[in-house]
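Asks:
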Ligand code: SAH
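Numbering (my numbering), first residue to last: 1 to 418.
This is the structure we're talking about:
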């Protein structure tokens, strides 16, 4: 029987406590390592033992890259039925404080992270993956909660106010801070803003996001600016981008640049093509494409992200691009029916991958190349298989590590029309 074990490394002999036994597999955790691997490292983070964030901090970074390389290849082979040749993973020198966004859950008097596998929030005063402004703003929020006895949201009763602290930081170390609140306002908002501004001189804005529903969703239904801007600017791929709170933005900017440059290489553009970018977010890949093609279209579900994308095209003086807001299934089906025939289609869906009908609509649009950017190698592999049933052949793939010390990894694959 296969046993999935957390905390153990390849080649180690460990004492394992089984937590769950299924019909064909079991799950357990390491209790004691009898013969440690040479790749094992002592964790340098005091929170590692309980925090659910970094799952690979007990191995060297070299071992981590080998692990992720194997993980993506295994998915492509076992689920996708395809073994890419010359498969490479692109690692990074910079494995600490690389995240440009942090979302601290708040509970009781704690502002921190969930303990692994639970919904218990533990205070984490600093995190080695987060930039320093996030820790400063977290400290200021704790002070505000204490000074004005402001309550945290309680999942069980549905009462209390503060749910999450969200901080986004750009390359220039400027930050945007959003408080997600179970209510439309907070007591002493001016005092809160003063405390946050005093803690972090690079702060550009403070936003309140309203989420009064009894759910685990982090983002709000509506937003109100308490002070300053309701967006943050950042530079990426030689372009400048406006980021609103609800808009997606890759959390590791330099590694995202590597990922996008691979995606562009895979697209092999000559300048005269038309391109479609599905799941385009704020238009990062779309605008990179637009600079290299005749015209480009971007499509995305989140309205604020599409507003950002349009504004980003304008700010960068890019005019050969059009953006549509809606579900990728609907937009792809409509474009296919309208006879839109892009030469290249890029897709960058969330972890669940492409809806099956998106693959069919893409095949109907018959691009020569499909470049698939993915944050989950298992759904990437599943979708590659679906593409092979719709007239496409996978040609090459690569992985890029955007999430050092965690088990997440990005991949990019090229499919060509048979
Ligand atoms: N390519 C962008 C965004 C990738 S993340 C970048 O690299 O920054 C995936 C994006 O898909 C998110 O912006 C998310 O809002 C969007 N999305 C999620 N479900 C979608 C759907 N059903 N249709 C269209 N877009 C969707």
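Virtual Cβ for every residue (Gly too), placed ideally from N, Cα, C.
All figures in this text were calculated on a predicted structure; none of them were measured in a lab.
1) Taking only three categories from DSSP, how would you classify residue 364?
2) To the nearest angstrom, report how far apart residue 395 and residue 92 are at their CA atoms.
3) According to DSSP, residue 400 sits in a beta bridge with which residue or residues?
4) Select from 375, 324, 208, 185 the residue whose C-alpha is nearest the C-alpha of residue 260.
5) Excluding the five sequence neighbours on either side, which residues of its own chain have a C-beta within less than 8 Å of the C-beta of residue 86, listed in chain order?
6) Assuming residue 134 contacts residue 111 under a Cβ cut-off of 8 Å, what Cβ separation, rounded to an integer in Å, is found between them?
7) Can you tell me the Cβ-Cβ gap for residue 358 and residue 278, rounded? I've got them flagged as a contact below 8 Å.
8) Pull up the distance between the alpha-carbon of residue 412 and that of residue 305, whole angstroms please.
9) In the DSSP output, which residue or residues are listed as bridge partners for residue 434?
10) Count Cβ pairs between the segment 302-318 and the segment 284-291 that sit closer than 8 Å; are there 3 or more?
11) Any idea what DSSP makes of residue 231, helix, strand or coil?
12) Of all Cβ atoms in chain C, is any one closer than 8 Å to the Cβ of residue 260?
13) Taking all protein chains shown into account, decide if residue 404 is buried (16 or more other Cβ within 10 angstroms of its Cβ) or exposed.
14) Any contact of the segment 375-385 with the segment 32-46, i.e. 3+ C-beta pairs under 8 Å?
15) What would DSSP say about residue 322, mapped onto helix, strand or coil?
16) Relative to the ligand SAH, is the shortest distance from any of its heavy atoms to the C-beta of residue 300 smaller than 7 Å?
17) Count the CB pairs spanning the segment 247-262 and the segment 320-330 that are closer than 8 Å, and state whether there are at least three.
18) Tell me the residue span of the alpha helix (DSSP H) that contains residue 199.
19) Let me make sure I understand the geometry here. Which of 205, 104, 187 has the alpha-carbon closest to that of residue 150?
20) If you draw a straight line from the alpha carbon of residue 163 to that of residue 219, how long is it in whole angstroms?
21) Out of 73, 173, 6, 71, which has the shortest C-alpha to C-alpha gap to residue 232?
22) Assign residue 13 to buried or exposed, taking buried as 16 or more other Cβ atoms, counted over all protein chains shown, within 10 Å of its Cβ.
Replies: Walking through what the data contain:
1) Residue 364 carries a helical assignment under DSSP once its states are collapsed to helix, strand and coil.
2) It is roughly 25 Å from the alpha-carbon of residue 395 to the alpha-carbon of residue 92.
3) 90, 410
4) 375
5) So the list reads 396, once near-sequence residues are dropped.
6) Wrong, their Cβ atoms sit about 11 Å apart, outside the cutoff.
7) Yes, residue 358 and residue 278 are in contact; Cβ-Cβ is about 7 Å, under 8 Å.
8) 22 Å
9) Since the first residue of the chain shown is 1 and the last is 418, residue 434 is not available in this structure.
10) Judged by Cβ distances under 8 Å, the segment 302-318 makes contact with the segment 284-291, as three or more pairs qualify.
11) strand
12) In the structure shown, chain C does not exist; there is a single protein chain.
13) buried
14) no
15) In this structure, residue 322 counts as strand in the three-state DSSP scheme.
16) yes
17) no
18) 189-199
19) 187
20) One C-alpha to the other measures close to 10 Å.
21) 173
22) exposed
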